[in-house]
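I have placed the structure first, in the form of structure tokens, so that the comments after it can refer back to it.
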Amino acid sequence: MPVLTFREALNQAMTEEMERDDRVFLMGEEVAQYDGAYKVSQGMLKKFGPSRIIDTPISEGGFAGIGIGAAMVGLRPIVEFMTFSFSLVAIDQIVNNAANMRYMSGGQFAVPIVFRGSSGMAGCLAATHSHRLEAWYAQIPGLTVVLPGTPADAKGLLKSAIRSDDPVVFIEHEVLYHEKGEVPEGEHVVPIGKADIKREGSDVTLITYSRSLKATLAAAEKLAEEGIDAEVVDIRTIRPLDLDTLLTSIGKTHRGVIVEEDWPYCGLGAGIADRITQAAFDELDAPIRRVAAKDAPIPYNRTLEASMLPSVDRVVAAVKDVMYV
Amino acid sequence: MITEQVQTEAKPVVNKTQALVWLRQMMLIRRFEERAEMLYQKGGKIGGFFHQYSGQEPVAVASIGVLREDDYVITAYRDHGHALARGMTARAGMAELLGKVTGCSKGKGGSMHFFDAEKGFLGGHAIVGSHIALAAGVAFASKYRGEDRVCICYMGDGAINQGSVHETLNMAALWKLPVIYVVENNLYAMGTSLARSSSVLDLTVRCAVPYGIPGHQINGNDVELMARTTREAANRARAGEGPTFIEAQTYRYKGHSISDPGKYRQKEELDEAIRHDPILVYENILKERGWIDQEAIDRMREGVKEEIEESIEFAEASEQPPLEALYEDITVAPFIPQE
Ligand SMILES: Cc1ncc(C[n+]2csc(CCOP(=O)(O)OP(=O)(O)O)c2C)c(N)n1
Ligand SMILES: [Mg+2]
Chain C
27 MPVLTFREAL NQAMTEEMER DDRVFLMGEE VAQYDGAYKV SQGMLKKFGP SRIIDTPISE
87 GGFAGIGIGA AMVGLRPIVE FMTFSFSLVA IDQIVNNAAN MRYMSGGQFA VPIVFRGSSG
147 MAGCLAATHS HRLEAWYAQI PGLTVVLPGT PADAKGLLKS AIRSDDPVVF IEHEVLYHEK
207 GEVPEGEHVV PIGKADIKRE GSDVTLITYS RSLKATLAAA EKLAEEGIDA EVVDIRTIRP
267 LDLDTLLTSI GKTHRGVIVE EDWPYCGLGA GIADRITQAA FDELDAPIRR VAAKDAPIPY
327 NRTLEASMLP SVDRVVAAVK DVMYV
Chain U
4 MITEQVQTEA KPVVNKTQAL VWLRQMMLIR RFEERAEMLY QKGGKIGGFF HQYSGQEPVA
64 VASIGVLRED DYVITAYRDH GHALARGMTA RAGMAELLGK VTGCSKGKGG SMHFFDAEKG
124 FLGGHAIVGS HIALAAGVAF ASKYRGEDRV CICYMGDGAI NQGSVHETLN MAALWKLPVI
184 YVVENNLYAM GTSLARSSSV LDLTVRCAVP YGIPGHQING NDVELMARTT REAANRARAG
244 EGPTFIEAQT YRYKGHSISD PGKYRQKEEL DEAIRHDPIL VYENILKERG WIDQEAIDRM
304 REGVKEEIEE SIEFAEASEQ PPLEALYEDI TVAPFIPQE
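Chains as they are written, first to last, in the numbering used here: chain C, 27 to 351; chain U, 4 to 342.
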């Protein structure tokens, strides 16, 4: 199987979908002539020309809304935010228009659009440029929220997102773009709403997504050395959540730890822990523990930033906590 | 709209002392960034996004240079020049780049988020267009209190494409707020040239005319023209006549940020700009006036180098913020982490 970087996998997904469906186009800052600020759209202008790969001014609110309008009448836009931190300038369009259109119109209008781009703490980018907004978007009924953690999932899920008839918030992680992995050629479609067990185990369920998958898998290896067999579930789609897979795993291990890079309070992990607890309280041998970013804005200083992240050590400590060892 | 492309006139708009201060400040900014770039490239002592001001120095130096000490200055993420022109020490700036506690934002902000409250320097803002409204708010406060302090606000040519910029320009004009908006038109927003991002190339037509704000399109790299235009704008603002819009035409020498090779522009274009380097041009003007000679210029440059080297030593010797600092300076009230 070919080995691709995460960014190449995304590029392949968009390219294949644009070849398949001429209603699909890509719009955003620096996506065309510059080949993408993070080179995700490299070569696409050359292939599809300026009517389908479209550079915009720095007007997120405007071009997000233009994408939504075009989607209402049948096009299938991919709107790239250079980073999701900048989607905050366009959040009114995403929340009020994209998410609500179907409902407000009594089912008359659909908004088949993908908002995608990088996000997360990527190294000394400080408070304004390190946002993780998945919990915000996941709270909105009407949106689908996807966060792939591997190149194969990036391709397969982006293809599904583009084919979705509903608005998808597709959040990539900046530090994953250069990660390599095997990616199936051609028609590789990963369904939205399906979690994936990235490592099987029987003692504890580690629930994670996106960039935190790596630290979580590393923690699982470390735990294995100590005789603790951890199962790692990559949820991949945040909304709708694949609760069934989580409950099956918890039914086996009876213990859960959620690992996320987002803030802890009112966060994604809180929502997931609540749903598991509501559905399977009797299965749990310990309260679900969460390893999240620290509750502070993101600092520039490298050491302080590193101290915020869900590290291998923090995951290992949380697992020992729920195992009472 | 007033178009002025003239070179600095024979009649100086400042005295010799002031002119020499400006020349030195421009050299200081240039050297600060040259050395910081080396620290970034070698050893990774500086990280994150790092946007250089090289080539644009006259815009900040000559406009801030005609303001009063109690006026306010606010800018975007390309902020080293404005901060230093406002009197932030090279030490505080360099230490911030190295993420140290002695930095101007205690190592929390980095290159894009320089702040210096004592100098009336209100940041360093990294979301494009988001500080334009803040500037009007600062001016609003000045007017509210019956003061005649003005706020000067810098932004890039790309920033004028944010909707809130236009919301703010309207209110600033409507309420006659004492604010000066300077668009530093360096022809590019990242890799996007002005012609590919703006429906109209004359930015006064987009940002001044629609709101009844006086607009000036000038050569921002002409030190004294920049100074004179800003002085008129400040006088207007202090007199209660409201905002002024200045399109200062300039050029950035480096890529958009340190990671941008800048392949979207012609080498000739850059070479041509460097041939008219504003620091050299101003040196020559001052020499012609007999205000300085080459020997004094060389001495000045040496002094600047020493100051920057000393600032690096200071920054390197400074402490890292302790891990507890993560939770400090989040709120004025004691911060209670919700973990
Ligand atoms: C809302 C928002 N969108 C995008 C960006 C990414 N970005 C940072 S600077 C920049 C270009 C800005 O160009 P310009 O305003 O001309 O200023 P210059 O860099 O030339 O000083 C872009 C697109 C951002 N920081 N904020
Ligand atoms: Mg610019």
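Backbone N, C-alpha and C fix where the C-beta goes; we use that ideal spot for every residue, glycine too. Just so you know, these numbers come straight off a predicted model, no measurement behind them.
Under 8 angstroms by beta carbon: chain U residues contacting residue i
i       : result
P83(C)  : G161, N164, A192, T195, S200 and S201
A152(C) : G51, K111, G112, G113, M115, H116 and A129
G149(C) : G50 and G51
As assigned by DSSP and simplified to three states, the class of residue i
i       : result
T105(U) : coil
I5(U)   : Annotation note: pLDDT 44 at I5(U) (below 50); position unreliable, coordinate value reported separately. I5(U): strand per DSSP, three-state reduction.
K73(C)  : helix
H219(U) : strand
V307(U) : helix
M53(C)  : strand
F32(C)  : helix
M297(U) : Reading off the sequence shown, one finds Gln at residue 297(U), where the question assumed Met. Q297(U): helix per DSSP, three-state reduction.
E43(C)  : helix
A225(C) : Inspection of the sequence shows that residue 225(C) is occupied by Arg rather than by Ala. Correct three-state label for R225(C): strand.
Interface partners of residue i on chain U, CB under 9 angstroms
i       : result
S333(C) : L326 and L329
F112(C) : I130 and V131
V115(C) : I130, V131, G132, S133, Q165, G166 and S167
Cα-Cα separation between residue i and residue j, rounded to whole angstroms
i       : j       : result
T6(U)   : Q55(U)  : Its pLDDT being 45, under 50, T6(U) is placed unreliably in this model, and the coordinates cannot settle the point.
M41(U)  : I277(U) : 20 angstroms
Q341(U) : H214(C) : 41 angstroms
R46(C)  : K185(C) : 11 angstroms
K26(U)  : A332(C) : In the sequence under discussion, the amino acid at residue 26(U) is Leu, which differs from the Lys named in the question. Rounded to the nearest angstrom, the two C-alpha atoms are 41 angstroms apart.
S236(C) : G306(U) : 50 angstroms
A250(C) : V345(C) : 12 angstroms
L169(C) : T234(C) : 20 angstroms
V212(U) : R34(U)  : 38 angstroms
A251(U) : Y191(U) : 13 angstroms
T195(U) : V185(U) : 20 angstroms
A256(C) : V341(C) : 11 angstroms
V254(C) : E309(C) : Correcting the residue identity first, residue 254(C) is Ile in this sequence and not Val. Approximately 19 angstroms between the Cα atoms of the pair.
L23(U)  : A230(U) : 14 angstroms
A164(C) : F135(C) : 21 angstroms
Q8(U)   : G50(U)  : Model confidence at Q8(U) stands at a pLDDT of 47, short of 50, so the residue's coordinates are unreliable; what they give is reported in the following sentence. Spanning the two alpha carbons is a distance of roughly 38 angstroms.
V62(U)  : N224(U) : 6 angstroms
F74(C)  : M108(C) : 20 angstroms
Among the options, nearest to residue i - alpha-carbon criterion
i       : options                               : result
S321(U) : G110(U), Q165(U), L180(U) and D160(U) : G110(U)
T154(C) : I188(C), L272(C), S111(C) and Q119(C) : S111(C)
R255(U) : E36(U), V17(U) and L23(U)             : E36(U)
H128(U) : L329(U), A79(U), L228(U) and A63(U)   : A79(U)
S201(U) : Q165(U), E291(U), G102(U) and M91(U)  : Q165(U)
D48(C)  : N37(C), Y64(C), V29(C) and I79(C)     : I79(C)
K103(U) : I315(U), I333(U) and F338(U)          : I315(U)
C150(C) : K72(C), P325(C), S238(C) and Y60(C)   : P325(C)
M53(C)  : L114(C), S77(C), A187(C) and R33(C)   : S77(C)
L330(C) : L87(U), E331(U), A299(U) and M97(U)   : E331(U)
A312(C) : A319(C), V172(C), A318(C) and A299(C) : A299(C)
K257(U) : G149(U), F53(U) and G68(U)            : F53(U)
Q220(U) : L206(U), S260(U), T233(U) and R231(U) : L206(U)
P193(C) : V66(C), D288(C) and I166(C)           : I166(C)
G143(C) : V137(C), F135(C) and S156(C)          : S156(C)
V17(U)  : I249(U), L289(U) and A175(U)          : L289(U)
Y203(C) : I223(C), T263(C), G93(C) and R33(C)   : R33(C)
T274(C) : G133(C), V285(C), A296(C) and L232(C) : L232(C)
Interface partners of residue i on chain C, CB under 7 angstroms
i       : result
I261(U) : Under the 7 angstroms cutoff, chain C gives no residues; its nearest Cβ is about 12 angstroms from I261(U).
V350(U) : With chain U covering 4 to 342 only, the question about residue 350(U) has no answer from this structure.
7 angstroms Cβ cut-off: residues of chain U touching residue i
i       : result
R328(C) : G50 and G102
E34(C)  : Residues of chain U passing the Cβ test: none, with the nearest at roughly 19 angstroms.
E56(C)  : M193, G194 and T195
G87(C)  : G166
Cross-chain neighbours of residue i in chain C, by beta carbon under 9 angstroms
i       : result
Y267(U) : Q59 and Y60
Q341(U) : W289, P290, Y291, C292 and D321
Neighbouring residues, chain C, relative to residue i (Cβ below 8 angstroms)
i       : result
Q323(U) : N327 and T329
Review point. Where are the beta strand (DSSP E) runs, 3 residues long or more, that stay fully inside the region 111-191 of chain U, in chain order?
Key: 124-128, 154-159 and 182-188
Check your understanding: Mind pulling the beta strand (DSSP E) runs of 3 or more residues that sit fully within the region 103-174 of chain C?
Key -> 140-144 and 170-172
Practice item. Entirely within the region 273-339 of chain C and at least 3 residues each: give me those beta strand (DSSP E) ranges in chain order. Key: 282-285 and 315-317
**Study point:** Ranges of the alpha helix (DSSP H) found wholly within the region 20-95 of chain U, counting only runs of at least 4
**Key:** 60-67 and 83-88
**Study point:** Every unbroken beta strand (DSSP E) inside the region 230-273 of chain C [3 residues or more]
**Key:** 230-234, 256-260 and 263-265
Review point. Using a Cβ cut-off of 9 angstroms, which residues of the region 286-297 of chain C contact any Cβ in chain A, in chain order?
Key: Note that chain A does not occur in the displayed structure, where the protein chains are C and U.
Check your understanding: Which runs of the alpha helix (DSSP H), 4 residues or longer, sit entirely within the region 248-289 of chain U?
Key -> 270-278
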